[in-house]
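Engineer: The following block contains the structure, expressed as structure tokens.
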Amino acid sequence: MKLRNFLTKRAGLAAVVAALLLLAASVVFAAGEEIILRRATEIALRDNPAARLAALRADRARVEAEQLRQRVDGAVYLLITTGTLPPAQMSLVYMGPLQAEQLEELAPHRKQAERNLLLLEVRRNYLELYRSFDRLKLAGQAERRAREQQRLAEVAFGAGTVARSDVMAAQVNVAATQARVFSAESEVQVARAALNKSLGRSLTAAIELPPGGFSLPEQETLDLDKGLAGAEAGRLEVISARETLRLKERELEYGRHMLDDAGRRGAELAVEEARLQLQMALEAVRLEVFQLYHRLAGLEKQLNVLEQGVGAASDAHRLAVLRYQAGVGTQFEITVAEDALVERELDLLHARYEGYLGYLSWRLATGQSLE
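In structure tokens:
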């Protein structure tokens, strides 16, 4: 009996400690800034060093293009005034304008690609923070259920209907659920730090998520042919490969007039290499779009199955309530059914999160912007 009282007091103390930890965590988050997804993306694009670096690189590319044009103008002036130019300067006159044009044209594409990756990171970390809170909620429910099982085991042991081993097994189960709660609390802190990093803020900055969960934005219907065409036209690696081929073809034109046989052959090989690289880039993005399309189609089927699971769990909960009302069930059965229903609903919600992230990946894969 003393042992049972000691363990009961110890379990009660642990419950108080866990409650205080959860309360402290809720106070920290409540004291922070309420972050909605649109606001989070605005903060990231304003404060994250990656966004500022992307803008800096674009500006630098434009400056380099202007400097290159000035060098071309200088070489042209020298050609006009002297009537001749060294081979390197002649190549600059012929190739420089195209190189400057490409610097300016590729700069915004590279900037947008880097911003898109940042926006995808923000949205992924934002949803992961939601999921970490959901997992903490489930862990807390499991702990409360384990404590109820321990209480029932202790009552039954006191009545002499079960062995002490049943009580000890219940205590072990409580300890295991406590460990899951502590692990879930750590996951919340890790997810919060990851989101703060994406936002360009201190890792320990407090965040309060809007109540009521995350509402998934409207998503367009996927079209494989349209997606393939968009990837071929708008993906940075394809655009870059096309511009490289264009530059190599210009070098070949120059070589036909200004280079010897070996130089011309080298220029021809460079063109063929650039053409193959463009072909490989096109094939790579086509494969990525094709795989992503069918992966998302499979996820849609998975969502249908999970929706059926939610329906079954809802029916089980309804039956548990009816059994309790008829006097043949227990409140504990209702609690178990409620927890199962919540878990199925969260599984469905998290799968929808994955579907949303997959849709964002689809937009990136098909050359679209996330802004």
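Residues in the sequence shown are numbered from -16 upward in steps of one, following the working numbering. Beta carbons: idealized from backbone N, C-alpha and C, even for Gly. Treat the numbers as computed from the prediction; the structure is a model and nothing was measured.
#1: Where do the ends of the alpha helix (DSSP H) carrying Ser181 lie?
#2: Have a look at Gln172, Ala129, Ala296 and Phe140 and flag the residue whose alpha-carbon is nearest the alpha-carbon of Arg159.
#3: Compute the Euclidean distance between the alpha carbons of Glu104 and Val55, then round it to the nearest angstrom.
#4: Is Asn179 buried or exposed, if buried means 16 or more other CB atoms sit within 10 Å of its CB?
#5: Quick test of the definition: if touching needs 3 or more C-beta pairs under 8 Å, does the region 209 to 228 touch the region 121 to 135?
#6: Does the region 288 to 295 come within contact of the region 231 to 241, defined as at least 3 CB pairs closer than 8 Å?
#7: Short of 7 Å in beta carbon distance, which residues of its chain neighbour Arg45, apart from the five on each side in sequence? Order them along the chain.
#8: Using 8 Å as the threshold, is the C-beta distance between Arg258 and Leu228 below it?
#9: Are the region 300 to 319 and the region 171 to 188 touching, with three or more C-beta to C-beta distances below 8 Å?
#10: Check each candidate in Gly338, Val155, Asp330 and Glu354 and name the one with the smallest Cα separation from Arg114.
#11: So for Glu266, helix, strand or coil by DSSP?
#12: In this structure, does DSSP put Ile19 in helix, strand or coil?
#13: Roughly how many whole angstroms lie between the Cα atoms of Pro194 and Leu205?
#14: If you drop the 5 nearest sequence neighbours on each side, which residues of the same chain put their C-beta closer than 8 Å to that of Lys284?
#15: Measure how close the beta-carbons of Leu343 and Arg269 come, nearest whole angstrom, since I'm counting them as under 8 Å.
#16: Go through its chain and collect everything with a Cβ distance to Gln85's Cβ below 7 Å, but skip five positions before and after it.
#17: Classify Glu290 as helix, strand or coil using the three-state DSSP reduction.
#18: Once you ignore the five residues that flank Arg43 on each side, which residues in its own chain have a CB closer than 6 Å to its CB?
#19: Count the other C-beta atoms from every protein chain shown that fall within 10 angstroms of the C-beta of Glu354, then say buried if there are 16 or more, exposed otherwise.
#20: Going by DSSP in three states, Glu191 sits in which element: helix, strand or coil?
#21: Between Leu101 and Ile18, what straight-line distance do the alpha-carbon atoms span, to the nearest angstrom?
#22: Consult DSSP for Gln202 and reduce its assignment to one of helix, strand or coil.
#23: Please state the DSSP three-state secondary structure of Pro69.
#24: Rounded to whole angstroms, how far is the Cβ of Trp345 from the Cβ of Leu275, which I believe are closer than 8 Å?
#25: When you compare only the Cα positions, how much space is there between Leu6 and Gln124?
#26: Excluding the 5 residues flanking Gly57 on each side, which residues of the same chain have their C-beta closer than 7 Å to its C-beta?
#27: Taking the alpha-carbon positions, what's the Val59 to Val76 distance?
#28: Tell me, to the nearest whole angstrom, how far the beta carbon of Arg335 is from that of Leu199; I am working on the premise that it is less than 8 Å.
#29: Using a Cβ-Cβ cut-off of 7 Å (strictly less than) and excluding sequence neighbours within five positions of Tyr109, which residues of its own chain qualify?
#30: Ignore the nearest five residues each way along the sequence and tell me which others in Met78's own chain have a CB closer than 7 Å to its CB.
#31: Taking the alpha helix (DSSP H) that Gly143 falls in, what are its first and last residues?
#32: Could you check whether Ala37 and Arg98 sit closer than 8 Å to each other, using their CB atoms as the reference points?
#33: I'd like to know whether the C-beta atoms of Ala224 and Val164 end up nearer to each other than 8 Å.
#34: Quick check on the DSSP output: the alpha helix (DSSP H) that includes Val221 runs from which residue to which?
#35: Between the C-alpha atoms of Arg52 and Pro70, what's the straight-line distance to the nearest angstrom?
#36: Do Glu220 and Ala264 come within 8 Å of each other at the CB atom, strictly closer than that value?
Structural biologist: Taking the geometry as given:
#1: Arg147 to Leu182
#2: A small fix is needed here, since residue 159 is Ala in this sequence, not Arg. Per the Cα distances, Ala129.
#3: 41 Å
#4: buried
#5: no
#6: no
#7: Glu87 and Ala90
#8: yes
#9: no
#10: Asp330
#11: helix
#12: coil
#13: 31 Å
#14: none
#15: That belief does not hold up - the Cβ atoms of Leu343 and Arg269 are roughly 20 Å apart, past 8 Å.
#16: Glu226 and Leu230
#17: helix
#18: none
#19: exposed
#20: strand
#21: 17 Å
#22: coil
#23: coil
#24: 6 Å
#25: Because the pLDDT at Leu6 is just 34, under 50, the model does not fix this residue reliably, and the value given afterwards should be weighed accordingly. Looking at the two C-alpha atoms, the distance is approximately 16 Å.
#26: none
#27: 7 Å
#28: 6 Å
#29: Leu20, Ala23 and Leu178
#30: Arg233, Glu234 and Tyr237
#31: Run containing Gly143: none; DSSP gives neither H nor E here.
#32: yes
#33: no
#34: Leu219 to Met241
#35: 18 Å
#36: yes
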